[in-house]
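All remarks here apply to the structure that follows.
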Amino acid sequence: MPPAAPDAGPHDPRRDIPRTDVLLADPALKDAARRLGEGPVRTAVRTAQEAARRGEITPGEVRTTVLSTLPPGAASLRPVLNATGVVLHTNLGRAPLSEAAVAAMVAAGGYTDVELDLTTGRRSRRAQALLDALVEAVGPAQAAHVTGNGAAAVLLAVTALAGGGEVLVSRGELVEIGDGFRLPELLTSTGVRLHEVGTTNRTHLADYAAAVGPDTRAIVKIHPSNFTMHGFTSSVAVADLAGLGLPVIHDLGSGLLRPEPLLPDEPDATTSLAQGATVVTCSGDKLFGGPQAGLVLGRASAVERIRRHPLARAVRPDKTTLAGLEATLTGPVPPVWEALYADPHALRHRTLQLAASLGRPAEDVVPVSGRVGGGSAPGVELAGCALALPVAVAHALRAGNPPVVARVEHDRCLVDLRCIPSTSDEELATAIRTALA
Ligand SMILES: *Cc1c(COP(=O)(O)O)cnc(C)c1O
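In this text, residue positions in the sequence shown follow the working numbering: the first is 123, and each later residue adds one.
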């Protein structure tokens with residue numbers, strides 16, 4: 123038989139693969155390009171066309187393949203259901219924001235009057251309302267300043283108040299805060315010299331008093347926020363340190379503004395300043411419950427020196443952070459505190475319902491204790507419960523959509539509802555059903 127002429131051959135389906143310009147003109151893809159940018163859409167188009175060229179999909183499937191492989195958002199960070207029972211989970215972004223804080227941050231996303239007095243048309247102090255609200259929330263504070271995070275607040279306060287000199291720090295407070303970052307190294311990176319006093323377990327007022335020299339500019343007290351020490355220990359109260367007549371910079375870490383009965387060992391800004399601390403520093407995204415930020419509160423003259431220091435400009439937060447902090451402070455109870463105060467009976471009820479909806483026995487609902495986390499209140503256990511699943515499910519849950527991060531303990535996968543809003547229970551059940559299948 124003579125070979126078939128090329129034009130008489132079978133129709134090559136690859137010729138039917140929709141062209142790029144045709145696909146990009148499709149209303150659904152145009153809409154996706156508006157949401158995601160043109161780059162990700164073009165990438166998805168190219169990938170689908172190549173799959174069609176290899177015969178993995180038919181030309182008719184190219185458009186739907188593009189739509190189903192587009193990323194859900196313009197950023198790659200994905201919302202996750204935190205089923206670990208750890209309220210401030212550093213790897214999951216610490217404090218989840220309240221709806222009010224999210225709304226305030228979105229509203230401040232465009233042009234906003236962050237540094238403009240709309241009445242006079244003149245420049246105003248950045249986020250004055252937030253600073254006022256902070257001062258009002260912490261009685262003994264005369265002034266407040268905000269930085270990009272807690273470490274920046276420490277860095278700035280120490281540089282501004284003790285730059286070129288020496289600070290006294292107890293050996294019991296030279297802590298590593300996570301991911302290899304150590305506060306003593308942060309302090310010395312400012313050029314300030316550290317004068318360590320006392321021992322790991324015990325430091326006395328006399329140790330500080332004996333160490334004061336001509337170069338001593340301040341005492342830095344650091345809350346050992348991520349571990350507890352028991353036994354033969356002692357440290358010096360802020361009131362006694364203040365009696366030495368030097369500025370006292372108290373790094374609280376967690377951001378409690380007032381004493382909190384649930385967390386009796388956590389220091390708070392009000393008490394520390396009332397006892398004579400010159401300034402306190404803390405994070406905005408730990409127990410304060412807001413976006414990543416650092417807070418400095420204290421005496422007006424010291425806060426003014428901090429605010430005017432050149433480094434202040436390098437560590438200042440953006441407008442959306444300032445908006446989110448204010449809404450966290452003045453708005454409804456942030457999710458962090460709802461999770462910390464979650465009623466154990468209500469948690470058990472929800473967990474039993476979850477078990478029932480998955481056809482798991484009530485015995486799989488086991489008591490567990492949740493944690494504050496995020497380097498806060500290390501000794502505190504929050505009574506709660508979890509649904510115990512086979513350990514292999516943990517991986518499938520993380521790979522799901524939405525990803526669910528559970529706790530793996532004693533060869534079980536524990537799903538703790540403490541940090542999951544009850545409005546997400548349905549979504550969680552579906553995710554677990556998929557992971558079990
Ligand atoms: C968390 C913490 C910091 C650092 O705060 P970031 O907001 O993470 O920068 C500093 N000091 C203490 C005691 C802390 O617990």
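Note that beta-carbon positions come from the ideal geometry of N, C-alpha and C, so glycine has one too. In this text the structure is predicted, and so the values were computed from the model without any measurement.
CB of residue i within 7 Å of CB of residue j, strictly
i    : j    : result
S398 : A424 : According to the sequence as given, residue 398 is Gly; it is not Ser. Not closer than 7 Å, so no.
L278 : G495 : no
D329 : V319 : yes
V437 : L419 : no
V433 : T310 : Just to set this straight, residue 433 is Leu in the shown sequence, not Val. Their beta carbons are not under 7 Å apart, which means L433 does not touch T310 by this criterion.
V297 : L290 : no
A477 : D486 : yes
A516 : V530 : yes
E288 : H317 : yes
P373 : V458 : Reading off the sequence, residue 373 comes out as Asp, not Pro. Cβ atoms of D373 and V458: not closer than 7 Å.
A448 : L253 : The sequence as given places Glu at residue 448; Ala does not occur at that position. It is not a contact, given that the beta carbons lie outside the stated cut-off.
V236 : A415 : no
V325 : S376 : It is Thr, not Val, that sits at residue 325 in the sequence shown. No.
L539 : R472 : yes
G272 : S491 : no
Nearest-angstrom Cα separation, counted from residue j out to residue i
i    : j    : result
A508 : P543 : 15 Å
S479 : H532 : 25 Å
A284 : L379 : 25 Å
E172 : L192 : 15 Å
P132 : V163 : 32 Å
D456 : R176 : Inspection of the sequence shows that residue 456 is occupied by Pro rather than by Asp. One C-alpha to the other measures close to 52 Å.
A557 : G501 : 33 Å
G446 : S498 : 21 Å
A222 : V527 : 25 Å
D134 : L550 : 46 Å
P262 : T545 : 39 Å
H352 : T392 : 26 Å
T443 : S357 : 35 Å
T552 : K441 : 38 Å
D138 : A150 : 20 Å
A154 : G161 : 11 Å
A147 : R185 : 11 Å
E178 : S190 : 15 Å
G270 : F410 : 14 Å
A225 : T450 : 11 Å
A422 : P512 : 56 Å
P381 : I299 : 23 Å
Identified DSSP bridge partners for residue i
i    : result
P489 : C507
P543 : Paired residues: none, contrary to the question.
I139 : Bridge partners of I139: none, in fact.
G416 : T269, S405
F303 : G300
G375 : C404
H317 : L290
K152 : According to DSSP, K152 bridges with nothing at all.
I341 : L290, V370
L203 : V526
R324 : S356
G495 : L210, S498
V537 : L509
L447 : DSSP, once it has assigned bridges, lists no residue as partnering L447.
E531 : R534
L89  : Given that the chain is displayed from residue 123 to residue 559, the structure contains no residue 89 and the question cannot be resolved.
Per-residue burial, residue i [other beta carbons within 10 Å of its own, 16 or more giving buried]
i    : result
L96  : Residue 96 falls outside the range modelled here, since the chain spans only 123 to 559, and no answer is possible.
P218 : buried
V537 : buried
S220 : buried
D390 : buried
P369 : buried
L384 : exposed
G506 : buried
K343 : buried
K408 : buried
G231 : exposed
A166 : buried
R118 : For the chain, the structure presents residues 123 to 559; residue 118 sits outside this window and is missing.
Chain-order list of residues whose beta-carbon lies under 8 Å from that of residue i (same chain, five-residue window excluded)
i    : result
T452 : A255
L238 : R244, R245, S246
F349 : V297, P500
A130 : Because the pLDDT of A130 is 49, which lies under 50, any placement of that residue in the model is unreliable, and the question is left without a value.
N523 : A553
Residue i: CB within 6 Å of a non-hydrogen atom of ligand 3
i    : result
G272 : For ligand 3, the structure offers nothing, since it holds only ligand 1.
Close-in-space but distant-in-sequence residues of the same chain around residue i (CB under 7 Å, 5 per side omitted)
i    : result
L395 : V260, P262, A263, V402, L419, G420
H345 : D373, L374, G375, P389
D547 : R472, L476
Spatial neighbours of residue i in its chain, beta-carbon cut-off 6 Å, leaving aside the 5 residues before and after
i    : result
R493 : V208
P525 : V202
L519 : V526, A528, A557
Short CB-CB distance (under 7 Å) between residue i and chain B
i    : result
E298 : The displayed structure is made up of one protein chain only, and chain B is not part of it.
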